[in-house]
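Here is the structure we will look at, set down as structure tokens.
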Amino acid sequence: MQREDWRRLRAQYEELLRRYQVPHPFRVEDLSAAVAAERGRPLSLLPMPDGLPTNTGICGMWVSMGARDLVYYTPVTSRTHQTHIILHELAHILLDHREPSVPQPEMLAQLFPDLDPAMATRLLGRGRTKAGTRQEQEAELLASVMWQHFNVAPVAVPTATTDTADVLGRVLGSFTGRGGRGRRR
């Protein structure tokens, strides 16, 4: 994708997100509820079940069923990463992406044990192998724009002592040629 494409898409995504009013502080559940209300269909956020094959590379999945949407995310990562996974899948929903790929049959059987295998093969799933596709790039960009638009970017909280920060400043200063001095008190 060219730089101009990114700029154009970013502007479109900012416009798209203006129609969603979510409370502050941001919760991904509130955005999911707003998306569900706009679409007129329930949207559930679900952790992927234990025991899924670990070599799939899939950490999130949007499944569009007849009258509802399911967004699965991996529970074995940080809350920040889970939020990003969910935002990425919500981006696919908002952009109305359709993907012809089919998740592994073992995974679908665990996610949907009561579904006919033929129906399960029509479900939407994405893995790392598809990360270079246009749809994946668009969803990743929209997820990133969501972080900024809704002001949810994780904030670093200083946890080091002043002494530790001074030592770090001297060490970093020795690499940057600034004389290696820490902060003055």
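Mapping the sequence shown onto full-length UniProt numbering, position 56 (from 1) lands on 56, and the numbers just tick up by one.
Yeah, the Cβ is synthetic: ideal placement off N, Cα and C, and Gly gets one too.
Please read all numbers here as calculations on a predicted model, not as lab measurements.
For residue i, three-class secondary structure by DSSP
i: L70; result: strand
i: L95; result: coil
i: M61; result: strand
i: A156; result: Interpretation of A156 is limited by its pLDDT of 48, a score under 50 that renders its predicted location unreliable; the figure taken from the coordinates is listed afterwards. Coil, per DSSP.
i: Q82; result: helix
i: H24; result: coil
i: G127; result: Confidence is the limiting factor: at G127 the pLDDT is only 43, short of 50, which leaves the residue's position unreliable, though a coordinate-based value still follows. In this structure, G127 counts as coil in the three-state DSSP scheme.
Sub-8 Å separation of residue i and residue j beta-carbons
i: L16; j: L46; result: no
i: residue 199; j: L90; result: A query on residue 199 cannot be resolved here, the shown segment of the chain reaching from 1 to 185 and no further.
i: R68; j: S44; result: yes
Which listed residue (the options) has its alpha carbon closest to that of residue i
i: R79; options: R41, E29 and L142; result: E29
i: I58; options: V145, I86 and F26; result: I86
i: E138; options: V152, S64, F150 and R98; result: R98
i: A33; options: H88, P42 and P25; result: P42
i: E38; options: T133, N151, V145 and L94; result: L94
i: A143; options: W62, P75, V63 and H92; result: H92
i: W147; options: P49, Q2, W6 and Y13; result: Y13
i: F150; options: G40, Y20 and P49; result: Y20
i: D50; options: Q82, Y73 and E4; result: Y73
i: G66; options: G40, Q82 and Q2; result: G40
i: R18; options: Q2, T133, R27 and V35; result: V35
i: M48; options: R3, Q135 and T77; result: T77
Bounding residues of the alpha helix (DSSP H) (the contiguous stretch that carries residue i)
i: S32; result: V28 to R39
i: S144; result: R134 to H149
i: Q12; result: R3 to L17
Range covered by the beta strand (DSSP E) that runs through residue i
i: residue 254; result: Nothing can be reported for residue 254, as the shown portion of the chain is limited to 1 through 185.
Supposed contact pair residue j and residue i - C-beta distance, whole angstroms, cut 8 Å
i: G60; j: H88; result: 6 Å
i: V152; j: R10; result: Not confirmed; about 17 Å, so no contact.
Residue i beta carbon near the ligand ATP (any heavy atom closer than 7 Å)
i: P75; result: Of ligands this structure carries none, so the ligand ATP is not represented either.
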